[in-house]
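A quick write-up on the structure given underneath.
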Amino acid sequence: MIYEIAPISFQDSDGDGKGDLKGIESRIDYLCWLGIDVVWLSPFFVSPMLDFGYDIADYCAVDPAFGTMEDFDRLSETLRRRGIRVILDFVPNHTSDQHPWFVESRSSRNSAKRDWYVWSEPSVSGGPPNNWLSRFGGSAWCWDEATDQYYYHAFLKEQPDLNWRNPEVRAVMAEVLRFWMRRGVDGFRIDASAVLAEDHLLRDDPVDPEAGDTKPPPQRLKHVFSDDRPESLGYLEEVRQVVDEFEHRVLCGEVQGKIDRIGNFYGNARPRLHLPLNFALLDSPWDALSLQGTIDAYLNAIPEGAWPDWVIGGHDKQRVAGKMGQAQARILAMLSLTLRGTPFFFAGDELGREPGEIPKDAVQDVFEKLVPGYGLNRDPERVPMAWDGSQHHGFTTGEPWLPMKGIGTRNVADLQKQDRSILHLYRELIRIRKKAPALCTGDYRPLRSRNDILAYERFTDTDRFTIALNLTHEGRLLEQIGKGSIVLSTRLDRTTVPVSGQHLLRPDEGIIIQMD
Ligand code: NOJ
Numbered sequence: 135m136i137y138e139i140a141p142i143s144f145q146d147s148d149g150d151g152k153g154d155l156k157g158i159e160s161r162i163d164y165l166c167w168l169g170i171d172v173v174w175l176s177p178f179f180v181s182p183m184l185d186f187g188y189d190i191a192d193y194c195a196v197d198p199a200f201g202t203m204e205d206f207d208r209l210s211e212t213l214r215r216r217g218i219r220v221i222l223d224f225v226p227n228h229t230s231d232q233h234p235w236f237v238e239s240r241s242s243r244n245s246a247k248r249d250w251y252v253w254s255e256p257s258v259s260g261g262p263p264n265n266w267l268s269r270f271g272g273s274a275w276c277w278d279e280a281t282d283q284y285y286y287h288a289f290l291k292e293q294p295d296l297n298w299r300n301p302e303v304r305a306v307m308a309e310v311l312r313f314w315m316r317r318g319v320d321g322f323r324i325d326a327s328a329v330l331a332e333d334h335l336l337r338d339d340p341v342d343p344e345a346g347d348t349k350p351p352p353q354r355l356k357h358v359f360s361d362d363r364p365e366s367l368g369y370l371e372e373v374r375q376v377v378d379e380f381e382h383r384v385l386c387g388e389v390q391g392k393i394d395r396i397g398n399f400y401g402n403a404r405p406r407l408h409l410p411l412n413f414a415l416l417d418s419p420w421d422a423l424s425l426q427g428t429i430d431a432y433l434n435a436i437p438e439g440a441w442p443d444w445v446i447g448g449h450d451k452q453r454v455a456g457k458m459g460q461a462q463a464r465i466l467a468m469l470s471l472t473l474r475g476t477p478f479f480f481a482g483d484e485l486g487r488e489p490g491e492i493p494k495d496a497v498q499d500v501f502e503k504l505v506p507g508y509g510l511n512r513d514p515e516r517v518p519m520a521w522d523g524s525q526h527h528g529f530t531t532g533e534p535w536l537p538m539k540g541i542g543t544r545n546v547a548d549l550q551k552q553d554r555s556i557l558h559l560y561r562e563l564i565r566i567r568k569k570a571p572a573l574c575t576g577d578y579r580p581l582r583s584r585n586d587i588l589a590y591e592r593f594t595d596t597d598r599f600t601i602a603l604n605l606t607h608e609g610r611l612l613e614q615i616g617k618g619s620i621v622l623s624t625r626l627d628r629t630t631v632p633v634s635g636q637h638l639l640r641p642d643e644g645i646i647i648q649m650d
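Heads up, the final residue of the sequence shown is numbered 650 in my numbering, and it's a clean run with no missing numbers.
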């Protein structure tokens with residue numbers, strides 16, 4: 135499983151209210167206790183931090199707010215020694231406007247790096263070259279007074295898009311990847327993988343007839359010319375080739391909302407990503423029939439032989455325990471850790487973390503600031519990790535960068551003391567999965583969902599497990615089940631209960647049955 139850590143929100147070591155690399159190092163015992171084998175660190179590179187670090191001003195340097203390169207080397211070395219692999223965020227689509235490359239690019243039309251970014255003349259009638267919208271609101275074009283041209287930014291105007299059509303850009307970004315792989319990192323999660331290239335004719339995006347005016351304004355156009363262009367897939371192939379220069383590295387990538395196209399991001403004859411991130415479980419209606427459809431649709435959409443993955447949390451996603459409640463969050467834990475594929479979760483999901491309360495005057499997220507009123511604020515899920523019951527939950531001795539309110543009393547120390555907590559459930563699921571090849575690399579076979587129970591089998595030639603998840607808050611009868619015994623319940627209160635023929639699942643209960 136891959137455990138996302140946003141360094142700013144994990145553990146502060148110097149009392150400035152922001153998490154840092156030394157802080158992560160001080161929590162390695164916890165990661166080992168939980169059984170984590172891969173951590174994905176979201177950006178800690180030099181950045182003005184307008185977008186949670188996804189606005190990078192130097193790809194190969196640690197921002198002093200997070201520590202030093204020495205801190206990074208020590209952290210990654212210690213993690214590796216303790217059996218945990220490290221993957222980093224790679225943000226190839228855009229830099230910060232403070233990046234020296236952009237400073238040079240915008241200095242003159244004749245600058246050697248002018249073409250490293252996407253510049254354009256105004257449209258014939260004046261104004262932006264076309265109707266493309268920034269994901270963060272307003273036109274995606276920003277007028278540059280000094281050189282009388284527009285530059286393109288898919289996100290903030292302070293995040294100009296790099297021009298991936300330019301081979302120099304591709305070469306310099308390949309060097310960034312090599313720089314980190316030489317330092318020993320095990321792979322990358324590519325940010326915004328699908329938007330690397332835009333239509334070279336700059337054709338207007340059509341209006342989305344289904345969007346109406348309920349959707350946030352940036353989502354009212356269909357981004358057919360500014361997103362998911364075929365050229366981007368070619369660039370991902372090049373990135374993969376660079377990653378393949380080193381042994382045993384993994385390439386994951388964010389491909390938001392593209393389940394029907396997800397197969398393309400794996401690539402077949404021409405490999406692209408190992409793991410295009412699959413958010414389908416989070417987007418699906420939460421009932422057994424919908425979920426069985428969602429799982430099938432995804433598995434049918436990925437190429438034969440491709441390895442699946444299941445995201446249940448992330449720094450852009452609403453915390454699931456807030457959305458579906460604590461009891462069903464346990465079901466999701468069991469589902470994601472028993473399906474075939476790699477689960478991705480976000481630090482705090484294992485605590486059943488609920489979204490924090492962010493008063494208006496404490497909002498940090500640009501999305502909420504620029505497109506208010508649509509519930510887009512990502513601060514609630516980014517509230518720092520709660521370690522214990524002390525002031526600021528053991529996260530910092532200073533003032534936390536986001537208020538730590540509304541997250542309840544759930545913290546690591548307390549939940550470790552409660553034998554049946556969701557934290558112990560995660561740990562147990564991880565442990566069982568590591569022990570049983572059938573649950574990890576074994577085959578998957580869906581069973582027909584009846585009585586609001588989502589059920590499936592995982593098996594090898596020698597072992598077979600049935601997983602049955604009650605998606606309701608009432609008891610439900612599991613029927614037509616063979617002989618076996620329960621090895622784990624989401625309630626953590628029973629093991630080795632024999633099952634044969636039928637079994638009554640309690641409200642919100644999920645079970646793993648080892649079949650005879
Ligand atoms: C995707 C990242 O996950 C998100 O947090 C960020 O705001 C955008 N890329 C823009 O950088």
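Ideal placement from N, C-alpha and C gives every residue a C-beta, glycine not left out.
Verify whether the separation of the beta carbon atoms of residue i and residue j is less than 9 angstroms.
i	j	result
Ser366	Leu409	no
Pro182	Asp171	no
Val373	Phe179	no
Thr624	Arg464	yes
Tyr285	Asp295	yes
Ile430	Asp586	Checking the sequence shown, residue 430 turns out to be Asp, not Ile. Not closer than 9 angstroms, so no.
Leu290	Met468	no
Ile647	Ala602	yes
Pro514	His527	no
Ala414	Thr428	yes
Asp207	Arg304	no
Ala288	Ala345	no
Val319	Val220	yes
Leu336	Pro263	yes
Gly321	Leu213	no
Val505	Phe270	yes
Ala191	Ser230	yes
Ile436	Leu370	no
Met135	Ile564	yes
Trp521	Ala547	yes
Count the other CB atoms within 10 Å of the CB of residue i; is the residue buried (16 or more) or exposed (fewer)?
i	result
Cys386	buried
His228	buried
Arg243	exposed
Pro477	buried
Asp417	exposed
Met203	exposed
Asn434	exposed
Glu292	buried
Lys247	buried
Gln375	exposed
Val258	exposed
Asn402	exposed
Leu588	buried
Asp642	buried
Leu611	exposed
Gln462	buried
Val252	buried
Asp650	exposed
Phe313	exposed
Thr600	buried
Thr348	exposed
Pro364	exposed
Asp362	buried
Val341	exposed
Lys152	buried
Ser210	buried
Lys551	exposed
Sort out for me which residues DSSP pairs residue i with in a bridge.
i	result
Ile615	Gly635
Ser418	DSSP output for Ser418 lists no bridge partner at all.
Ser254	Tyr284
Glu371	Note: Glu371 sits in no beta bridge, so no partner.
Val173	Tyr137 and Val220
Thr476	Asp443
Gln648	Phe599 and Ser619
Exercise. Near the ligand NOJ, which residues have their beta-carbon less than 5 angstroms from any of its heavy atoms, given in chain order?
Worked result: Asp185, Tyr188, Phe289, Asp325, Ala326 and Asp450
For this session: Would you mind listing the alpha helix (DSSP H) stretches within the stretch 177–232 that are 4+ residues and don't spill past its ends, in chain order?
Result: 203–215
For this session: Within the stretch 495–535, note down every full beta strand (DSSP E) run reaching 3 residues or more, in order along the chain.
Result: none
For this session: Starting from the N-terminal side, write out each stretch of the beta strand (DSSP E) that is 3 residues or longer and does not extend beyond the stretch 318–351.
Result: 321–324
Problem set entry | Complete alpha helix (DSSP H) runs within the stretch 531–578 (minimum length 4 residues, chain order) | 546–551, 556–569 and 571–574
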